[in-house]
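What follows is a single structure, written as structure tokens, with notes after it.
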Amino acid sequence: MQNKIRKIHFIGVGGSGMSGIAEVLLNQGFTIQGTDIEESIATQRLINQGAKIFTDHHADNVIGADVCVVSSAIKIDNPEIINAKKLKIPIVPRASMLGELMRFKQGVAVAGSHGKTTTTSMISSVLASAGLDPTYVLGGRLMGAETGARLGKGEYLVVEADESDGSFLDLTPVLGVITNIDNDHLGFYDNDIDKLRSAFISFAHKLPFYGTVFSSSGDDMVRALVPEFGRKTILVGEKEESDIQVINIKSESLRTKFSVRQNNYNDLEIILPMPGKHNVINSLFAVAVARELGVVDESIKKGLLKYKGVERRFQYHGNFLTNSGKEFKLIDDYGHHPTEIKVTLEACKEAFPNQKILLVFQPHRYSRTRDLFEEFIKVLSEVNALILMPVYAAGEDEIVGTDSKTLARSIRILKKVNPFVVSNEIEALDMIFSILDSGDILLLMGAGSVSELTNLIKNEVERGGYEQ
Numbered sequence: 002m003q004n005k006i007r008k009i010h011f012i013g014v015g016g017s018g019m020s021g022i023a024e025v026l027l028n029q030g031f032t033i034q035g036t037d038i039e040e041s042i043a044t045q046r047l048i049n050q051g052a053k054i055f056t057d058h059h060a061d062n063v064i065g066a067d068v069c070v071v072s073s074a075i076k077i078d079n080p081e082i083i084n085a086k087k088l089k090i091p092i093v094p095r096a097s098m099l100g101e102l103m104r105f106k107q108g109v110a111v112a113g114s115h116g117k118t119t120t121t122s123m124i125s126s127v128l129a130s131a132g133l134d135p136t137y138v139l140g141g142r143l144m145g146a147e148t149g150a151r152l153g154k155g156e157y158l159v160v161e162a163d164e165s166d167g168s169f170l171d172l173t174p175v176l177g178v179i180t181n182i183d184n185d186h187l188g189f190y191d192n193d194i195d196k197l198r199s200a201f202i203s204f205a206h207k208l209p210f211y212g213t214v215f216s217s218s219g220d221d222m223v224r225a226l227v228p229e230f231g232r233k234t235i236l237v238g239e240k241e242e243s244d245i246q247v248i249n250i251k252s253e254s255l256r257t258k259f260s261v262r263q264n265n266y267n268d269l270e271i272i273l274p275m276p277g278k279h280n281v282i283n284s285l286f287a288v289a290v291a292r293e294l295g296v297v298d299e300s301i302k303k304g305l306l307k308y309k310g311v312e313r314r315f316q317y318h319g320n321f322l323t324n325s326g327k328e329f330k331l332i333d334d335y336g337h338h339p340t341e342i343k344v345t346l347e348a349c350k351e352a353f354p355n356q357k358i359l360l361v362f363q364p365h366r367y368s369r370t371r372d373l374f375e376e377f378i379k380v381l382s383e384v385n386a387l388i389l390m391p392v393y394a395a396g397e398d399e400i401v402g403t404d405s406k407t408l409a410r411s412i413r414i415l416k417k418v419n420p421f422v423v424s425n426e427i428e429a430l431d432m433i434f435s436i437l438d439s440g441d442i443l444l445l446m447g448a449g450s451v452s453e454l455t456n457l458i459k460n461e462v463e464r465g466g467y468e469q
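Our numbering puts the first residue of the sequence shown at 2, with every later residue one more than the last.
Take a look at the structure:
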């Protein structure tokens, strides 16, 4: 690719996956430009590194490009796509470019319905701790960094493999992780769970015959597919039949201690600086991959101990005190599927037992709310107080009977919690401080604009607002 391609144009460059690939290619010496209508930390970082970024989609933006990389969020009637076709400029999806990067390195691809970003970052952290200097591309930003991607000098490329649009089948890794399979993103698969399962089997078949699949012993849907993988498969989890088993899990506030048991290895004691059994399982994949690559246990232990996490994945912002003396802890999380909400609530309760949880949740997509309506009702009823923001449409048209008000009415029927429904972030802010009790855990969850509440809350506390 390097001999024929010099200028690469990204359509929708601001997305976490797109900006990461753009940064890696930029650091490889390619000329990078791109378009995104929203200015962000990601686009500013690319500008600072020498990329040219447009803020309006215009046909002329693609002139001179050797190839266009397009985000799955971009529609086919985009003027840049139309002109690229007219000019006979190759147009490739994000995952195809990621697959191109993988041709030159040993690929480690992390797939699954939940936990991809965290697991990918944990594997990267452990490999870095071992001095292997991996290249990585995540679907989120690392804590303390402005990016979720890095070009390393080592032979390994660790990437997040996205099943939501089938693009993970564009990758050809040597090692493949399947964290779990759940009822999500079924729209792409014609609402047929069997087609989703088949896609994961195809993902396993993308590995060479000498490749290795790592999968969860505790996920029934994954376990059922293992005989179809046709590759060496290592099972990780709590179950005794696991090839790599976690034992003696002990929660200690914002960290978790546990041991790893595997044949021909001494038990390995791990301290993970984050709560939640689901994160323990995520880290177990990192242990498994690292051992498969010959990393010594001391480097594994060190890499996980120093793991800083990913933004908006159980991101703990600290302890705050309002002007009226109400003390609360603030946690922000990207989770927007009932399973993700469930494990995040469990992590909260493990880290802070006997403390009440005030959850602010923003449903993501009308279709997901419709398809998982009963599951949402059940899991959202497991908090002490609940504020529902409007559904974040993510480009979808509204579906009757799937808005937050309807969701709230159904939750009230269970008589476990009485949800408050707000119209925007400012109303949410007012409601938070009107019902917040001292000692509460304030948990923000969702993949949309709910993330903006974090800074709004911090600013209000800092300026001494809200006297309730």
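Think of the CB as a built atom: it goes at the ideal place given N, C-alpha and C, for glycine as much as any other residue.
Nearest-angstrom Cα distance between Val344 and Arg314?
Against the sequence shown, residue 344 aligns to sequence position 343. Against the sequence shown, residue 314 aligns to sequence position 313. The alpha-carbon of Val344 is positioned some 12 Å away from that of Arg314.
Given a threshold of 16 other Cβ atoms within 10 Å of its Cβ, counted over all protein chains shown, does Val297 qualify as buried or as exposed?
Indexing the sequence shown from 1 puts residue 297 at position 296. The residue is exposed, with fewer than 16 neighbouring Cβ atoms inside 10 Å.
Opening and closing residue of the alpha helix (DSSP H) in which Asn324 lies
The sequence position of residue 324 within the sequence shown is 323, counting from 1. Here Asn324 belongs to no alpha helix (DSSP H), and DSSP marks it neither H nor E.
Anyone know if the C-beta pair for Pro174 and Gly231 falls short of 7 Å?
Position 173 of the sequence shown, counted from the start, is the residue given in the question as residue 174. Position 230 of the sequence shown, counted from the start, is the residue given in the question as residue 231. Contact: no.
I'd like to check one pair, His365 with His337: are the Cβ atoms closer than 7 Å?
One-based indexing of the sequence shown puts residue 337 at position 336. One-based indexing of the sequence shown puts residue 365 at position 364. Cβ atoms of His337 and His365: closer than 7 Å.
Checking 7 Å against the spacing of the C-beta atoms, do Asp67 and Arg7 come in under that value?
For the purposes of this step, residue 67 is taken as the residue at position 66 of the sequence shown. For the purposes of this step, residue 7 is taken as the residue at position 6 of the sequence shown. Yes.
Would you decide whether Gln246 is buried or exposed? Buried here means 16 or more other CB atoms lie within 10 Å of its CB.
Numbered from its first residue, the sequence shown carries residue 246 at position 245. Classification of Gln246: buried, given that the 10 Å Cβ count is 16 or more.
Thinking C-beta only, is Ser126 closer than 7 Å to Tyr308?
Position 307 of the sequence shown, counted from the first residue, corresponds to residue 308. Position 125 of the sequence shown, counted from the first residue, corresponds to residue 126. Going by beta carbons, Tyr308 and Ser126 fall inside the 7 Å limit.
Excluding the five sequence neighbours on either side, which residues of its own chain have a C-beta within less than 7 Å of the C-beta of Ser122, listed in chain order?
Walking along the sequence shown from the start, residue 122 turns up at place 121. Only Leu139, Leu143 and Val311 meet the Cβ criterion.
On a Cα-Cα basis, can you pick out the residue from Thr455, Val418, Thr407 and Ile301 that is closest to Ile358?
By one-based count along the sequence shown, residue 358 stands at place 357. When only C-alpha atoms are compared, the closest one is Val418.
Could you give the first and the last residue of the continuous alpha helix (DSSP H) run that contains Gln45?
To locate residue 45, count along the sequence shown from 1; it is residue 44. Annotation: the continuous alpha helix (DSSP H) that includes Gln45 extends over Ile42 to Asn49.
Per DSSP, the bridge partner or partners of Glu375
Walking along the sequence shown from the start, residue 375 turns up at place 374. Paired residue(s): none; Glu375 is not in a bridge.
Gly155 beta carbon less than 7 Å from that of Leu133:
Here residue 133 refers to the residue found at position 132 of the sequence shown. Here residue 155 refers to the residue found at position 154 of the sequence shown. Taking 7 Å as the Cβ cut-off, Leu133 and Gly155 qualify as a contacting pair.
Within its chain, find whatever has a CB closer than 7 Å to the CB of Asn320; leave out the 5 residues flanking it on each side and keep chain order.
As a working mapping, residue 320 is identified with position 319 in the sequence shown. Only Glu328 and Lys330 meet the Cβ criterion.
Can you tell me which of the three DSSP states Lys106 falls into?
In the sequence shown, counting from the first residue as 1, residue 106 sits at position 105. In the three-state scheme derived from DSSP, where H, G and I count as helix and E and B as strand, Lys106 is classed as coil.
Short of 7 Å in beta carbon distance, which residues of its chain neighbour Tyr367, apart from the five on each side in sequence? Order them along the chain.
Walking along the sequence shown from the start, residue 367 turns up at place 366. Cβ neighbours of Tyr367 within its own chain (closer than 7 Å, five residues either side excluded): Val392, Ala394, Glu397, Glu399, Ile400 and Thr403.
Beta-carbon gap between Asn181 and Asp220 smaller than 7 Å
Along the sequence shown, read from residue 1 onward, the residue named residue 181 stands at position 180. Along the sequence shown, read from residue 1 onward, the residue named residue 220 stands at position 219. In this structure, Asn181 lies near Asp220, with their beta-carbon atoms less than 7 Å apart.
Close-in-space but distant-in-sequence residues of the same chain around Glu468 (CB under 7 Å, 5 per side omitted)
Along the sequence shown, read from residue 1 onward, the residue named residue 468 stands at position 467. For Glu468, the predicted structure reports a pLDDT of 45, less than 50, and the residue's modelled location is therefore unreliable. A value from the coordinates is still provided. These residues qualify, in order along the chain: Asn324 and Ser325.
DSSP three-state label for Lys343, please.
To locate residue 343, count along the sequence shown from 1; it is residue 342. Correct three-state label for Lys343: helix.
If we count Cβ pairs, one from each stretch, closer than 8 Å, do we get three or more for the stretch 41 to 53 versus the stretch 66 to 80?
They do not touch, by the three-pair rule.
Exposed or buried, Ala225, counting other C-beta atoms within 10 Å across all chains shown (16 or more means buried)?
Here residue 225 is taken as the residue at index 224 of the sequence shown, counted from 1. A residue is called buried when at least 16 other Cβ atoms come within 10 angstroms of its Cβ; Ala225 does not meet this threshold and is exposed.
Candidates Asp333, Ser382 and Leu381: which alpha carbon is nearest Val451's?
Residue 451 sits at position 450 when you count from the first residue of the sequence shown. Among Asp333, Ser382 and Leu381, the Cα nearest to that of Val451 belongs to Asp333.
Considering only their Cβ atoms, is the gap separating Gly16 from Ser97 smaller than 7 Å?
Sequence index remark: in the sequence shown, residue 97 carries index 96 (1-based). Sequence index remark: in the sequence shown, residue 16 carries index 15 (1-based). The beta carbons of Ser97 and Gly16 sit no closer together than 7 Å.
With H, G and I counted as helix, E and B as strand and the rest as coil, what does DSSP make of Val68?
For the purposes of this step, residue 68 is identified with residue 67 of the sequence shown, where counting begins at 1. DSSP places Val68 within a strand segment (E or B) once states are collapsed to three.
Could you give the DSSP three-state label for Phe11: helix, strand or coil?
On the sequence shown, residue 11 is found 10 positions in, with the first residue counted as 1. Residue state, collapsed to three classes: strand.
Is the Cβ-Cβ distance between Val237 and Phe286 less than 7 Å?
Here residue 237 refers to the residue found at position 236 when the sequence shown is read from its first residue. Here residue 286 refers to the residue found at position 285 when the sequence shown is read from its first residue. Annotated as proximal: Val237 and Phe286, with beta-carbon spacing under 7 Å.
Assuming Phe329 is part of the beta strand (DSSP E), what are its boundary residues?
Numbered from 1 along the sequence shown, position 328 holds the residue referred to as residue 329. Following the DSSP letters along the chain, one finds Phe329 inside the beta strand (DSSP E) bounded by residues Glu328 to Asp334.
Mind checking Lys89: buried by the 16 CB within 10 Å criterion, or exposed?
What you label residue 89 is simply residue 88 of the sequence shown in a count that begins at 1. Exposed: under 16 other Cβ atoms inside 10 Å.
Shorter than 6 Å, the distance from the beta carbon of Gln29 to the closest heavy atom of the ligand ZN, or not?
The ligand ZN is not part of the structure shown, which contains no ligands of any sort.
Residue of Gly65, Asp57 and Glu39 minimising C-alpha distance to Ile33:
Against the sequence shown, residue 33 aligns to sequence position 32. Out of Gly65, Asp57 and Glu39, Gly65 has the C-alpha closest to the C-alpha of Ile33.
Return the first residue and the last residue of the beta strand (DSSP E) that Glu242 is part of.
Reading the sequence shown from its first residue, position 241 is the one you call residue 242. Run containing Glu242: none; DSSP gives neither H nor E here.
Extent of the continuous beta strand (DSSP E) to which Phe55 belongs:
Numbered from 1 along the sequence shown, position 54 holds the residue referred to as residue 55. Note, Phe55: beta strand (DSSP E), Lys53 to Phe55.
Span of the beta strand (DSSP E), counted from its first residue to its last, around Gly35
Position 34 of the sequence shown holds residue 35. Per DSSP, Gly35 belongs to the beta strand (DSSP E) from Thr32 to Thr36.
Quick one: measure Cβ to Cβ for Glu347 and Gly277, integer angstroms, because I've assumed they're closer than 8 Å.
Residue 347 sits at position 346 when you count from the first residue of the sequence shown. Residue 277 sits at position 276 when you count from the first residue of the sequence shown. About 7 Å; that satisfies the 8 Å criterion.
Residues near Gly470 in its chain [Cβ-Cβ closer than 6 Å; skip 5 each side]
As displayed, the chain neither begins before 2 nor continues past 469, which places residue 470 out of reach and without an answer.
Specify, as a first and last residue, the run of the alpha helix (DSSP H) that Asp431 falls within.
On the sequence shown, position 430 is the one that residue 431 refers to. Per DSSP, Asp431 belongs to the alpha helix (DSSP H) from Glu426 to Ile436.
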